[in-house]
Every structure is written in structure tokens, then in C-alpha cells.
Amino acid sequence: MSNRKPYVREMTRTWWKDDPFYRFYMVREATILPLIFFTICLT
């Protein structure tokens, strides 16, 4: 009997843009970038 390969769903680079929840999550997480820049400028 041969072994079956597991099903691997193809994921595009922009999969998070399709769902409003994930889009909001990514925008919320991206707000840390200006904060990091500001913190580096202070030190």
C-alpha cells in the first residue's frame, strides 16, 4: 500500500486581505512600526 501525501492548501501572500477580521488585525499589528521608530529616536 502506498502512503498518501497530506493535503497542503495553497496560501497566497495576500490571504489576509480577503477577510476583514484579518485585515484589521494586520493593520493593528503594523502600528507597532512607528512606535519602534519613535523609541529608537528617543534613545
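Okay, so the sequence shown: first residue is 1308 according to this note's numbering, each after it adds one. C-beta: ideal position from N, C-alpha, C; glycine also. What you are looking at is a predicted structure, and each value in this text was computed from that prediction instead of being measured.
For this session: Quick one: give me the first and last residue of the alpha helix (DSSP H) that proline 1327 is part of.
Result: 1327-1337
Exercise. For arginine 1330 versus tryptophan 1323, is the C-beta distance shorter than 8 Å?
Worked result: yes
Exercise. What three-state label does DSSP hand lysine 1324 in the structure shown?
Worked result: helix
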